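Chains as they are written, first to last, in this note's numbering: chain Z, 130 to 329; chain A, 130 to 329.
The beta carbon of each residue, even a glycine, is placed where N, CA and C say it ideally should be.
Keep in mind the model is a prediction, meaning the values are calculated, not measured.
In what follows, a structure is listed as structure tokens, so that the remarks can point back to it.
There are 2 protein chains.
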Amino acid sequence: MKARILASARRLFGENGFSDTTTRMIARDVSIDVSTLHYHWGEKQDLYEGVIGAVHAEIMERFQEVERRCRDVDLARRLEIAIDIMCDYLFEHPEVANLILFGYFRKADHTAVLDINISQYITNIAVAMELAPTPETVSVRDRARILAVWHSVLNFIAGRNYFRPMLDVAPVPYVRVVKETLKFILVPAFTAETQASRKS
Amino acid sequence: MKARILASARRLFGENGFSDTTTRMIARDVSIDVSTLHYHWGEKQDLYEGVIGAVHAEIMERFQEVERRCRDVDLARRLEIAIDIMCDYLFEHPEVANLILFGYFRKADHTAVLDINISQYITNIAVAMELAPTPETVSVRDRARILAVWHSVLNFIAGRNYFRPMLDVAPVPYVRVVKETLKFILVPAFTAETQASRKS
DNA sequence: AACGATGTCCATCATATGATGGAAACAATC
DNA sequence: GATTGTTTCCATCATATGATGGACATCGTT
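Here it is, written out as structure tokens:
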């Protein structure tokens, strides 16, 4: 039951955000009483943290997958692999994109465990892309650049119901358009610079 | 008074979103009673629409400025001008970035006037960049690409308190990092393709 | 000064929401 | 079958919030 509540909370928090999701909505979605929810998860905030924690763990798994599949591959291909994996994951779990973006806006204490640690994600990607040898040596520029792309992925997916009609494409092609767009923007930028620095 | 309420509402809605901003918060910010607020603006939703309307008008003005300053300038420079103008404007009015992003998530009727019409913005930029001769002829690809950059701008600014410490830069350099990052990503991507197509 | 229009505040209402206590159902162990 | 621990539900509370009605104030016009 605790797990069923978590799953429902994850979906609803993702759809409506923290404030616009009531404990009663979640309870009704699972067909239980509100007090049962509180029995298992304590207060609303605790349930929310449970959701964030689970999502965080999932994302870290995906990054490890990126790292595994990027070994002995050149930069352009590494970027493509990273985009493909993250897009596939997020399109399959679109509530994750929403949850992360909602997190930006929460006026909570951003030092808490509650927060999804974006910095960690960014650094992980940078290292997986071999833009730097270790997490400590990732430059501000590279982090900012990865961040920009990470934003784009999240926004394309969190705002899919908004942007898809605007682009006038069906759901399946939309995935393709998003991937192509990201690759189009990202790959030339990074590979061009790397080639230039290698020439010297 | 009506204007003072609007200004306060704009700031607070931008900080907290629609649901987490109460009419009492706004009233207290302007040092008036809640009923005075309702007297001037009707229900909360109407006030919110007032804010969105004002912001929308402001943004359209900026796009016209972009268009003016982009005449008789080559593509790379046009892109830089657009990024500079929009970044300067949004860094000066960061609540605008928040309001637009909050709009993505609102579960409202997205056909209403309430919505900030992103599609219109995107098309306007594409035409100003001379990626297409008329608004009707802007391709899906170009719209998606502009959209991706537009996302990045908004996220960098809406999430500035989140990302700036993460990048470990001071407020002033942060603006520079954001602009540089956007240009780094955007300019090569678009100019490379244009050059390629012009070569043939 | 009288009057009406406009603006502002106080008191109040109805509702939604987070949360809890206690009773009842259920399950496991002896 | 009794006992104990766990889970679920019903009833209820305290509070926050959107919203309104009516009284008072302010100001310009006559």
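- In the three-state reduction of the DSSP assignment, A/N246 falls in the coil class, being assigned neither a helical nor a strand state.
- When Cβ-Cβ separations below 7 Å define contact, Z/M295 makes contact with chain A.
- Nearest in C-alpha terms to Z/I134, of all of Z/R197, Z/M258, Z/L176, is Z/L176.
- Using a Cβ-Cβ cut-off of 7 Å, A/G288 counts as an interface residue toward chain Z, since at least one Cβ of chain Z sits closer than that to its own.
- In the DSSP assignment, A/F234 falls within the alpha helix (DSSP H) that extends over 223-234.
- The C-alpha of A/D158 lies about 46 Å from the C-alpha of Z/E309.
- If you draw a straight line from the Cα of Z/Q193 to the Cα of Z/A255, it is about 12 Å long.
- Cα atoms of Z/R305 and A/W170: separation of roughly 44 Å, rounded to the nearest angstrom.
- Note on geometry: alpha-carbon atoms of A/P223 and Z/G179 lie some 31 Å from one another.
- Here Z/I212 is not near Z/R198, since their CB atoms are 7 Å or more apart.
- For the set Z/L260, Z/E259, Z/G232, the Cα lying nearest the Cα of Z/I247 is the one of Z/G232.
- Positions of the alpha helix (DSSP H) runs, each at least 4 residues long and wholly inside the stretch 163-193 of chain A, are given as 163-170 in order along the chain.
- For the C-beta of Z/D149, the chain A residues within less than 7 Å are, from N- to C-terminus, S148.
- Not flagged as an interface residue toward chain A: Z/I229, since no C-beta distance is shorter than 7 Å.
- Remark: C-beta atoms of A/M154 and A/L141 approach each other more closely than 7 Å.
- In this structure Z/L315 does not touch Z/V282 by the C-beta definition: roughly 10 Å separates them, more than the 8 Å allowed.
- Within a 10 Å sphere around the beta-carbon of Z/V301 sit fewer than 16 other beta-carbons, which makes this residue exposed.
- Residue-level contact by beta carbon holds for A/R274 and chain Z, with a gap shorter than 7 Å.
- A distance below 6 Å between beta-carbons, with the five flanking residues on each side excluded, links Z/A287 to the following residues of its chain, in chain order: A226, N227, L230.
- Residue range 289-296 is occupied by the alpha helix (DSSP H) that includes Z/P294.
- Pairing A/V184 with A/D217, the inter-Cα distance amounts to about 15 Å.
- In summary, A/Y250 is buried, with 16 or more beta-carbon neighbours lying within 10 Å of its beta-carbon over all protein chains present.
- Within the same chain, F192 come within 7 Å of A/N253 by CB-CB distance, once the 5 residues on both sides are set aside.
- For Z/F313, the C-beta contacts it makes with chain A under 7 Å involve R274, A318, in order along the chain.
- One finds nothing in chain Z with a Cβ atom closer than 8 Å to the Cβ of A/V256; even the nearest lies about 16 Å away.
- Taking a beta-carbon distance threshold of 7 Å, A/V269 counts as an interface residue toward chain Z.
- The beta carbon of A/T150 sits closer than 8 Å to the beta carbons of A138, L141, F142, E144 from its chain, once the five residues preceding and following it are set aside; these are given in chain order.
- If you compare the alpha carbons of Z/V163, Z/I188, Z/L219, Z/R206 with that of Z/M258, the shortest gap goes to Z/R206.
- With distances taken between CA atoms, A/P317 lies nearest to A/L204 out of A/L296, A/L204, A/R270, A/I214.
- Per DSSP, Z/F142 is one residue of the alpha helix (DSSP H) stretching across 131-145.
- By the neighbour-count definition (other C-beta atoms within 10 Å, threshold 16), A/N290 is an exposed residue.
- Z/P264 and A/N284 have their C-alpha atoms some 23 Å from each other.
- Interface flag for A/S164 against chain Z is unset, since no Cβ pair is found closer than 7 Å.
- Residue-level contact by beta carbon fails for A/V225 and chain Z, as no gap is shorter than 7 Å.
- For Z/A156, the enclosing alpha helix (DSSP H) starts and ends at 152-159.
- Exclusion of the five residues before and after Z/M215 leaves R191, V282 as the residues of its chain whose Cβ lies within less than 7 Å of its Cβ.
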